[in-house]
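Below: the structure, in C-alpha cells.
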Amino acid sequence: AQTVTQSQPEMSVQEAETVTLSCTYDTSENNYYLFWYKQPPSRQMILVIRQEAYKQQNATENRFSVNFQKAAKSFSLKISDSQLGDTAMYFCAFTINSGGGADGLTFGKGTHLIIQP
Amino acid sequence: DGGITQSPKYLFRKEGQNVTLSCEQNLNHDAMYWYRQDPGQGLRLIYYSQIVNDFQKGDIAEGYSVSREKKESFPLTVTSAQKNPTAFYLCASSTPGYGYTFGSGTRLTVV
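Right, here's the structure in full:
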C-alpha cells in the first residue's frame with residue numbers, strides 16, 4: 018500500500034515570502050502521479066500542480082513549483098511571492114493512475130498554511 | 124458547465140438513522156469516489172466505482188453503503204452502523220489522462 022506523509026501540520030509566513038511544504042511518499046511502483054491540492058476555507062479541493070513520475074523536469078504553475086526527488090521519494094511544493102489568498106490547507110496526494118484508477122488518490126494529512134499580512 | 128454536484132451542503136442525522144448523500148456528475152467520467160475528511164486526518168477513501176453496477180470498498184467502508192445504477196450518480200448512505208459519522212464528505216470523479224474533479228462537499232453532523 019502507498020503512504021503519503023506531510024510532516025508540517027502548520028506553517029506561517031509573511032506575505033510576499035517564499036514557503037516550501039514538504040511531502041514524502043512510499044511506494045514500490047515505478048510509474049505514478051503526484052499532486053498538490055489546495056483546500057481554502059470554502060473546503061473546495063483545488064488542484065495546484067501535478068507531476069508525472071516518468072518526467073524528470075519539475076512541474077511549475079505560475080508561482081507554484083515542485084521539487085520532485087524520485088530516488089528520495091520526496092515531492093515538496095514551493096510557493097513564491099506568497100499572497101493572502103494562498104492561506105489554506107494543502108494536501109499532497111499520490112496515485113498510480115492518471116485518472117479512472119482502481120483506488121483513487123492517497124492523501125497526506127495536510128499542512129495548514131497561513132499567510133500573514 | 125461540467126462538474127460534480129453534492130447535496131445537501133449540510134445534513135443532520137439523529138442517532139439510529141440512515142442518511143443518503145447525493146453525488147451527481149455531468150463530466151462523463153467513468154470512475155467515482157467517496158472520501159471522508161476529519162480534522163488532522165486528511166482524506167480517506169470510503170468507496171469507489173469504476174463502472175456502472177460495480178463498486179469496491181476503500182479503506183474505511185464499514186458503516187457505509189453505495190450504489191452505482193447510473194454513470195452520473197454515486198450516492199452514499201451512512202447507516203446506523205457507522206458509530207462516528209460526523210465528518211465532511213467529498214465526492215470525486217476521474218477519467219484517464221484528465222485527473223480528478225471534486226464536489227463541494229457535504230457536512231454531516233449527528234444530533
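Chains as they are written, first to last, in our numbering: chain V, 18 to 134; chain Z, 124 to 234. Think of the CB as a built atom: it goes at the ideal place given N, C-alpha and C, for glycine as much as any other residue. Remember, predicted model here, so these are calculated numbers, not experimental data.
C-alpha gap between V/T22 and V/Y42, whole angstroms: 6 Å
Those residues which DSSP pairs with V/D103 across a bridge: In the DSSP output, where bridge partners are listed per residue, V/D103 has none listed.
Closer than 7 Å to chain V by CB, Z/S130: no
Residue-chain proximity (V/Q74, chain C), Cβ-Cβ < 7 Å: Of the protein chains in this structure, namely V and Z, none is chain C.
Residues bridged to Z/I127 (per DSSP): Z/Q148
Environment of Z/S217 [buried if 16+ CB atoms lie within 10 Å]: buried
For Z/N207, the residue or residues it bridges with in DSSP: DSSP lists no partner for Z/N207.
Complete runs of the beta strand (DSSP E) confined to the stretch 22-94 of chain V [at least 3 residues]: 27-31, 36-38, 41-43, 50-56, 63-69 and 81-86
Pick from Z/G125, Z/G165, Z/E138 and Z/H152 that is closest to Z/D182, judged by C-alpha positions: Z/G165
Other residues of its chain near Z/L213: CB distance less than 7 Å, five sequence neighbours each side excluded: Y158, Q160, L166, F225, G226 and G228
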